[in-house]
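Following: one structure in structure tokens, then a few remarks.
In the numbering used here, the protein residues as written are -16 to 83.
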């Protein structure tokens, strides 16, 4: 039996939103760790919650990764969340096309 598909919208209930944030933050950090190990890459993940509390993960020294990022001048892939829900499919297609 598969998981139920959920609609991606802001969670209204504060408690449910906080629980979802903590679970998904953990999952995201776990995926970042796994990607850094499997693909031998440097990863810096920075998250600010709704209360402006900082959470971070870095596969190496965060300051070194951020310095490397600020000094990088070559063209590169960049993603920014669009405000329209209809752009979700375009974003997924962009990620898919850049992956293969």
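Where a beta carbon is used, it is the ideal one built from N, C-alpha and C, also for glycine.
Rounded separation between residue i and residue j - CA only
i, j, result
"residue 31", "residue -15", "31 Å"
"residue 20", "residue 11", "14 Å"
"residue 9", "residue 33", "16 Å"
"residue 1", "residue 22", "31 Å"
"residue -6", "residue 15", "24 Å"
"residue 83", "residue 60", "Since pLDDT at residue 83 reaches only 44, below the 50 mark, its modelled position is unreliable, and the value read off the structure follows with that caveat. About 13 Å."
"residue -2", "residue -9", "17 Å"
"residue 63", "residue 3", "22 Å"
Closer than 9 Å to chain B by CB, residue i
i, result
"residue 14", "Note that chain B does not occur in the displayed structure, where there is just one protein chain."
Whether residue i touches residue j by CB criterion (9 Å)
i, j, result
"residue 52", "residue 27", "yes"
"residue 48", "residue 25", "yes"
Which runs of the alpha helix (DSSP H) spanning at least 4 residues fall entirely within the stretch 10 to 65, listed in chain order?
Segments of the alpha helix (DSSP H) lying fully in the stretch 10 to 65: 45 to 54.
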